Amino acid sequence: MSLRLFLFAAALTAAAGCVRQPEITNYEPGPGSGTPRRGGHAVFVREEDPDYLDPALSYGTYSAAVNEALYHTLLDYAHVPGPEGARLEPDLAQSLPDIREGGTLYCFLVRPEARFAAPLRRHITAQDFKYSIERLFRVASPGVSFYRHIVGADRALAGKDSVLSGVIAHGDSLYVRITDPDPTFLQILSMPFTAPVPREVAERYPNTLSQHTVATGPFRVAEFTPRRRVLLVRNPDYCGQPAWLDTFELRLGVTAANAVALTRRGLVDGGFYEVPPAEFVRLQSDSAWRRQVSVDDGLETDYLFMNVRQGPFRDRRVRQAVAWAIDRRALLKVYSGKAAVAGEFCPTGMPGMHPLERYLGPDVAKARRLLAEAGYPNGFAARLSGYTTEPVPRLLTIVQQQLADVGIQVELDLGEAVGYTSMAQDTSRHIAFGYYAWTADYVDPSNFFDTLLNGHRITALNNNDLSLFDDPWVNAHIERAMAEPDDSARARQWRAVDERVMDEAPVVPLVHYHESRLYSARLGGWYRHITRILKIEDLYLKEPRAELATAAHPSR
Amino acid sequence: MTAARRFAQDRWAVVGLVFLALLALAAVAAPVLVDRVLHASAFRLGMMDRVEVGGRPVEVVDELGVPVGPNARFPLGADLIGRDVLARMIYGARVSLVVSTLGTLLAVLLGLAVGLTAGFYRGTVDTILSRFVDAMMAIPILLLAIALASVLPQGSVWTVVLILGLVNWTYLARIIRAEVLSLREKEYVEAARALGANDPAILLRHLLPNLIGPLLVFATLSMAGNILLESALSFLGVGIQPPTPSWGNMIQEGMAFYSVAWWITLFPGLAILATVISLNLVGDGLRDALVPGSRQRLRA
Amino acid sequence: MTAFLVRRLVWSVVVLVMVCAITFTIFFAVPGKPAQLIAGKYGTQETIALIEKRLGLDQPKPVQFVRFVSRAAVGDWGFSYVSQQPVLGTILQAFPKTLSLTLGAVVIWLLIGIPVGILSALKPGSIWDRAAMVFTLVGISAPAYWIGLVFLRVFSDQLGWFPIGDYVEIAQAGVLSWAHHLVLPWVTLALLYAGWYARMTRAQMLDIARLDYVRTAYAKGLPRRVVVGRHILRNAMLPLVTMLGMDVAYLFGGAVLTETVFGIPGIGGLAWRAIRMRDLPMVMGTVLFAAVFIVVANLIVDLLYFSLDPRIQTES
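From first to last, the protein sequence lines stand for chains A, B and C.
Numbering of the first sequence is given in my numbering, commencing with residue 755 and proceeding in unit increments.
Numbering of the second sequence is given in my numbering, commencing with residue 332 and proceeding in unit increments.
Numbering of the third sequence is given in my numbering, commencing with residue 26 and proceeding in unit increments.
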């Protein structure tokens, strides 16, 4: 399309946009500044229903925002943008815990004002916390393996016990004992999995707690009509900082493209969806709307994994050749620029991590030389596994061509996204070469290195070390970093692990994905929290700009 | 007037046939056509290349992922990863036509087998087979196709062929069964049996020639339906997988960018439309020519 | 007659059970286990076993099948693996949306298709006929989702005449708003089917026009209008009604493509999502639901033909 035509179309669209939405210029752009005001009703949209409104069962970034608005637990992250947001603060607990016995005993005191929301409205005791942690094992929560270090968890996992001996409750005092010291345990305790659940309700509605929620956070559920909407109202029984909005509505069944159109028309304030690429392009060309799009580090790495025990990939030089063959700038285009080149494995948004700038190729000559040294002067053939949800097919097609340019003939094997993870995690499938994307479950590099590259964590099924990489140096340094109490020393150790991983190249990081969200002009208080989860309790509706609000506009 | 002559008199049917013949030719000659004549490639990615547009070099795919539109080097524009849309459409014709034809063939084989058996043997065999056909037809085609697609090996062209065949054969089975049942009653079948000819002989000699007509018509119309079904499956993401081009998956790939790169979706859509229209025209023409008494002709 | 009816009813039930069996078989050819998918990327062997137990997946397949059929017969269609909601309840909740889409489209395509067909048949070979033929040809040849997308982009996105997606209930937003949201999906669906009806109407009318009794009517001097109205049209209606019954029954099972493009939360979208997510109870539920309509429609058509054409009675 010629540039002139494009500009004309853009101008036309912008003009059409101006005529239809006078509202956007009524408000200060971006997330707003100044004092938030209390009150109002915000509308968000999402296509899929939240998987559950049950703190034990819900798992996944999109449902997390709603669940975190409903279910608060002992600790919470500081509600500020940037790395400061990784600081944990007491929420339903009176203070940060007393950590005793060499880091294996955590002692909490529950706040006397902590209460369950309506209809229960009773005080939350330590027993409620114990019940909900034990419940994780009983209902086979997807987060149960985070808590496997609690004393007694192994028995619970094997189904032999339904009570954890390592969790002790006396009135408002809660004690959690773990088998070995773990500096990340505080973060694991602050996941909504540990939010207290009242036994009397959970036992009455064992499978349908999502329809009978009892909140412990700044909001509670007023209505949850599946495939229609979730309506949250401010919870007056919450003992912490109250939410700004009166009510928050999450409308379900709205696709991303429609969501963008509705936002541009001022009918919707935001949503839990990725801005689709074409809409992103159009929004970027609109100077007013560009500032309503928030593009932030997604704490995600999209990478290729190579099975270090199979075929040519056993040789480190072959793996490095693959790394040198990739031209990541081409891949960025597939993401419409909403990504950053990954020259390291751990996302650079993790505290203490920064770009390592490795393998910034492509360097075809170097790749060919490495292949020749490894004994493959004419390359070799391989199969690259992936799945069919965009943009993976496009991504892998580009990778396929780039590898062909150095002599590696790759055949694409794309399957359904829904079954791909479990297939890749099944070591008996002997997948040699594939695509994987990992988003942080909690804000610590161990979620990447320990889960994905620690040889000691390889299992036959549900294995996340897809390369079957088992390097003693790396294993030892991962475990040492995880036990290191000093923050800056730990960060240094993780960086060293990252460098070594890039040297050995069991994985070729491609890009770090950036998430994009669109917000309406009147919505304030949205910011990028380090956990990537939107804090609904911090949202508010801005004051219209006085000068423009008084001018005559055609009514909407 | 022979059937062929009647067909030839139907101007539109002939136009459709000519179009299909040209399309088939292009599909068969795809590599030569694309490589030697157009000097293009359906598979080569031009993501980091530049082209001359309006006298200025422009990236084939820009930073935001938007490809360049129709110009001198890319007559129908480039797709999202810098491939030539026209070249891909020619290869796509190959895939779409082959898949639809094979799918139809499979449906014809299955439909014939079941229809003949049910119609000929009648009784319990007929009842069971007919109920099975009813059951298959009670499941909405698209749902059945999606369900099959999600359990069969993904991405294989043969999977799609299998699905198309498995989903379509029931219609033919019913038609064939009805034809067989009505033809059975005709005197010459009785006469042949009276003369001592055994069952397979009756079948072959008398029934099959009469079935050719409905069979051909079904095959043509089924091909039309298969092209639409394959594209629907690819649109939903369970049909032919990229990077193999098919018209359906080209539409699917370009769909997300329709508002900024309309050419990726429009041209394959038009190709599907033209092909299916041609198949329908030919099918109508065949029906008029072959099935006596069903003439709807009034195109002068 | 009653014997025929009873026999057909029994066979209908058999067909429905076969439908369940076919769907069940297809889904148990799945390599991955649903429990594994639900357990997610951190799932362990133990978690998967626990989930399987919770959902009853550890029983042998024939046992699961028999349990499903026996429960389904009394109205318990199980719970969705994904949403924990009762399957039948979710389907019934989604049905009014599909119903809205279907009925509106039916009205439009009948209003377009039949008059076009009649006009074509009355003036064969004329410019009207040719134009009508082109229109119907395009309608039956165009990919459904492609048309829907083009409409969406042009009429909703660029021109803003219609809202995008977001189905609204009559009860909550009023009839006008409900209809406004459905105009584009209605027109899209209608355009695809109108062509078939136009062609069928035209074909039927031309066929009947050549029959003896019609020619006799003309010979008797009856005006064209009367002949067409009383004899031709009435007899042309039967196959049309049959086709309509089958089409409506099919669409009650959910128009997946249209619902997906326009974001209508009907049964089509429900079924599609369920299949992709391997949500077996929901898949069985939606397929069974659709099949019931089709089987019932078949039954009604058979009864109709039976009462009209005695020859068919000997066939079964």
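Glycine residues also receive a C-beta, built at the ideal position from the N, C-alpha and C atoms.
Nothing here was measured: the structure is a model prediction, and the numbers come from that model.
Where residue i meets chain B, residues with beta-carbon distance less than 8 Å
i	result
C:A315	A469, I470, P471, L474
Interface residues of chain A facing residue i [CB-CB closer than 9 Å]
i	result
C:T115	P980, R981
B:P388	Near B:P388 there are no residues of chain A at all, since even the closest Cβ is about 12 Å away, more than 9 Å.
C:I233	The premise fails here: C:I233 is roughly 47 Å from chain A at the closest Cβ pair, so nothing lies under 9 Å.
B:M379	D1081, R1083, A1084, K1087
According to DSSP, residues forming a beta bridge with residue i
i	result
A:Q1163	A:A1135
A:G1020	DSSP, once it has assigned bridges, lists no residue as partnering A:G1020.
A:M1060	A:F1187
A:P783	DSSP output for A:P783 lists no bridge partner at all.
A:F798	A:L1004, A:G1024
A:G1169	A:Y1141
A:S1048	A:R1271
Close beta carbons around residue i, own chain, < 8 Å, minus the five adjacent residues each side
i	result
C:M43	none
B:R381	P388, V389, E390, V391
A:R983	E977, E1003, L1004, R1005, L1006
B:L351	T606, S609, L610, V613
Cutoff 7 Å; reference residue i; Cβ partners in own chain excluding five residues on either side
i	result
C:I325	G270
C:V273	T127, V131
A:A1259	R1070, R1073, Q1074, A1077
Own chain partners of residue i with C-beta closer than 6 Å, once the 5 adjacent residues on each side are dropped
i	result
C:V107	M302, D304
A:S1274	T1017, D1023
A:A1011	P1030
A:S1311	The requested residue 1311 of chain A is not part of the displayed model; chain A covers only 755 to 1310.
A:S964	Y806, L807, D808
C:N323	none
A:F1187	M1060, A1136, L1138
A:Q1179	N1216, N1217
Cross-chain neighbours of residue i in chain B, by beta carbon under 7 Å
i	result
C:I165	N611
A:Q1038	L395
C:W36	R462
Reduced DSSP secondary structure (H/G/I, E/B, other) of residue i
i	result
B:H537	helix
C:H206	helix
C:W186	coil
A:D830	strand
A:H1231	helix
A:Y1141	strand
A:C1100	coil
A:T1055	strand
A:L1264	strand
A:A744	This structure does not reach residue 744 of chain A, given that chain A is present from 755 up to 1310, and the question cannot be answered.
A:D1241	helix
Neighbouring residues, chain C, relative to residue i (Cβ below 8 Å)
i	result
A:D803	S108
A:S964	Q109
Proximal chain B residues relative to residue i, where beta-carbon distance stays under 9 Å
i	result
A:P779	What sits at residue 779 of chain A in the sequence shown is Thr, not Pro. Result: empty, since nearest Cβ-Cβ is about 23 Å, beyond 9 Å.
C:M43	R462, F463, D465, A466, M467, A469
Within chain C, partners of residue i - CB distance below 7 Å
i	result
A:V1197	Within 7 Å Cβ-Cβ: nothing; A:V1197 doesn't reach chain C, min ~17 Å.
B:M586	L174
B:F566	Y170
Chain C contact residues for residue i, given Cβ-Cβ distances below 9 Å
i	result
B:I477	V281, A296, W297, I300, R301
Contacts that residue i makes with chain A (C-beta to C-beta distance below 8 Å)
i	result
C:I139	The premise fails here: C:I139 is roughly 34 Å from chain A at the closest Cβ pair, so nothing lies under 8 Å.
C:I76	A894
* When you check each C-beta in the stretch 1152-1176 of chain A against every C-beta of chain B, which residues fall closer than 8 Å? -> Cβ proximity to chain B below 8 Å picks out I1152, Q1154, Q1155, L1166, D1167, L1168, G1169, E1170 from the stretch 1152-1176 of chain A.
* **Near-chain C residues of the stretch 809-821 of chain A (beta-carbon distance less than 7 Å), N- to C-terminal order** => So the close ones are Y813.
* Asked: Taking Cβ-Cβ distances below 7 Å as the criterion, which residues of the stretch 282-304 of chain C are in contact with chain B?
  -> So the close ones are L282, A296, W297, I300, R301.
* Going along the stretch 1261-1272 of chain A in order, which residues come within less than 9 Å of chain C, judged by CB to CB distance? -> Residues of the stretch 1261-1272 of chain A whose Cβ lies closer than 9 Å to any Cβ of chain C: none.
* chain C contacts made by the stretch 981-1013 of chain A, where a contact means CB separation under 7 Å -> Those residues of the stretch 981-1013 of chain A that come within reach of chain C (Cβ to Cβ, closer than 7 Å) are R981, G1007, V1008, T1009, N1012.
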